[in-house]
Amino acid sequence: MIFLLKNRQWLKRYGGGSSAPAAARPKAPAVLLGLEVQGESLPEDVLAEVTALWQAAQRRAALSLLYRAVLTQLIACQGVAFNAGDTEADCVRRVAAATEAELSDYFQHLTHHWQRLAYAHQVPDDAAMARLCRGWQHHFGSPHECG
């Protein structure tokens, strides 16, 4: 009996399931991987802005905006619970655990290109960027609409 009571108290304190009220869940970080991930920080039409930046040869800015927008959508619409100190690999694991395989694969592909640009200064080619933009359109459509 004491064992059950202790375990019940432990589960309440340390998160024994998804039935915790929303107020008890940790707040989503405002900044993740050095990127601002709040919806109000995004342009109204993410894809148009990404395309304009890419065509203006601002490759890093374009991919950064797309990555930031996807992270923002994953938080707001998919309920992915990132922590402020997460690495890219942590984020990939969290997305894989919280979303369907198709979205998880897209995010892994996007993260791969982001890491290659951010750390190895290897810019994706136009075809790869076009695929990433189509993925955004397929999974998210509009930056301010969930569902």
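Position 101 of the sequence shown, counting from 1, maps to 104 under this note's numbering, and the rest follow consecutively. Just so you know, even glycine gets a beta-carbon here, dropped at the ideal spot from N, CA and C.
(request) Ignoring anything shorter than 3 residues or poking outside the stretch 51-103, list the beta strand (DSSP E) runs there in chain order. (result) none
(message) With H, G and I counted as helix, E and B as strand and the rest as coil, what does DSSP make of R129?
(response) The residue given as residue 129 occupies position 126 in the sequence shown. Looking at the sequence itself, residue 129 is Asp, so the reference to Arg does not match. Here D129 sits in helix by DSSP.
(message) To the nearest angstrom, how far is the alpha carbon of L68 from that of T114?
(response) Start at 1 with the first residue of the sequence shown, and residue 68 comes out as number 65. Start at 1 with the first residue of the sequence shown, and residue 114 comes out as number 111. Spanning the two alpha carbons is a distance of roughly 12 Å.
(message) Please tell me whether A133 has its Cβ less than 9 Å away from any Cβ of chain B.
(response) No chain B is part of this structure, which consists of one protein chain only.
(message) DSSP three-state label for G144, please.
(response) Here residue 144 corresponds to residue number 141 of the sequence shown, with the count starting at 1. G144: coil per DSSP, three-state reduction.
(message) Between the alpha carbons of H142 and G88, how many angstroms are there, rounded?
(response) As a first step, residue 142 must be located in the sequence shown, where it is residue number 139. As a first step, residue 88 must be located in the sequence shown, where it is residue number 85. Using only the alpha carbons, I get a separation of about 25 Å.
(message) Taking a contact to mean a Cβ-Cβ separation below 9 Å, would you say G138 touches Y109 in this structure?
(response) Looking up residue 138 in the sequence shown gives position 135. Looking up residue 109 in the sequence shown gives position 106. In this structure, Y109 lies closer than 9 Å to G138 by Cβ.
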